[in-house]
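Enquirer: One structure, as structure tokens, below. Some questions next.
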Amino acid sequence: MRKALFIVVLALAVTLVAGCQPRVFKSCDEVHTVYKGGIARPGYRQIGPPLRRAPHVDKALYDANRARDRDKDGIGCEVT
């Protein structure tokens, strides 16, 4: 019984870890449907005009969508 329970718990843990991958967006329009102010890494520094909305700060999400940061200031798809 203990062995079966251990196997079930282990399988559930592996499934949960595999499902924790950050979402990769295809475009900024897709990002804005979920995160209105864009996505940023911790410690970002705005370059250019001030932001109209605060970005969602999440390192893993930013790293997965780094291509969306055209000016390389640490904020992807920012709304200025």
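Numbered per mature numbering (1 follows the signal peptide of the UniProt record, and there is no 0), the sequence shown spans residues -18 to -1, 1 to 62.
The beta-carbon is built from N, C-alpha and C at its ideal position, and this holds for glycine as well.
Report yes or no: do three or more beta-carbon pairs, one from the region 6 to 13 and one from the region 26 to 35, lie closer than 8 Å?
Expert: Not touching, per the Cβ criterion.
Enquirer: Looking only at its chain, what residues have a beta carbon closer than 7 Å to the beta carbon of residue 59, apart from the 5 residues adjacent to it on each side?
Expert: Only 10, 13, 14, 20, 21 and 50 meet the Cβ criterion.
Enquirer: Suppose only complete runs of 4+ residues qualify. What are the alpha helix (DSSP H) ranges in the region 30 to 59, listed by chain order?
Expert: The qualifying runs are 41 to 46.
Enquirer: Near residue 2, which residues of its chain fall below 7 Å by C-beta distance, leaving aside the five closest residues on each side in sequence?
Expert: Cβ neighbours of residue 2 beyond the five flanking positions: none.
Enquirer: At a cut-off of 7 Å, would you count residue 18 as near the ligand FMN, judging by its Cβ distance to the nearest heavy atom?
Expert: With respect to the ligand FMN, the structure shown offers nothing to examine, as it has no ligands at all.
Enquirer: Please report the straight-line C-alpha distance between residue 35 and residue 17, rounded to a whole angstrom.
Expert: Going by the C-alpha atoms only, they are around 10 Å apart.
Enquirer: In the DSSP assignment, find the unbroken alpha helix (DSSP H) run with residue 2 in it and report its ends.
Expert: It is not in any alpha helix (DSSP H) - residue 2 carries neither H nor E in the DSSP assignment.
Enquirer: Please name the residue in 61, 46 and -17 whose C-alpha comes closest to that of residue 37.
Expert: Of the listed residues, the one whose Cα sits closest to residue 37 is 61.
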